[in-house]
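Q:
In this note's numbering, the protein residues as written are 24 to 112.
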């Protein structure tokens with residue numbers, strides 16, 4: 024058995040080998056978390072790039088003059104009612 028090391032819990036002791044085992048497990052968990060974090064960071068970057076491309080495409084479509092003369096409807100207006108600038112009903 025290894026040397027017994029005191030832990031902050033007072034009378035609880037843990038062997039050095041048990042502590043090494045716990046440290047190894049924590050190290051492996053930390054490595055996994057860092058790897059997963061990097062994977063998610065890359066995915067977020069790709070999603071951001073896709074979002075920027077779609078936004079650019081939308082802006083280009085909206086900036087082109089519409090040959091049919093149609094305009095985009097105001098989605099903030101409820102159907103059949105005029106806008107109320109004061110905000111009250």
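All C-beta atoms, glycine included, are put in the ideal place defined by N, C-alpha and C.
(1) Could you please give me the residues that DSSP links to residue 56 through a beta bridge?
(2) To the nearest angstrom, how far is it from the Cα of residue 45 to the Cα of residue 83?
(3) I need the straight-line Cα distance from residue 47 to residue 38, nearest angstrom please.
A: In this structure, then:
(1) Per DSSP, none; premise fails for residue 56.
(2) 57 Å
(3) 14 Å
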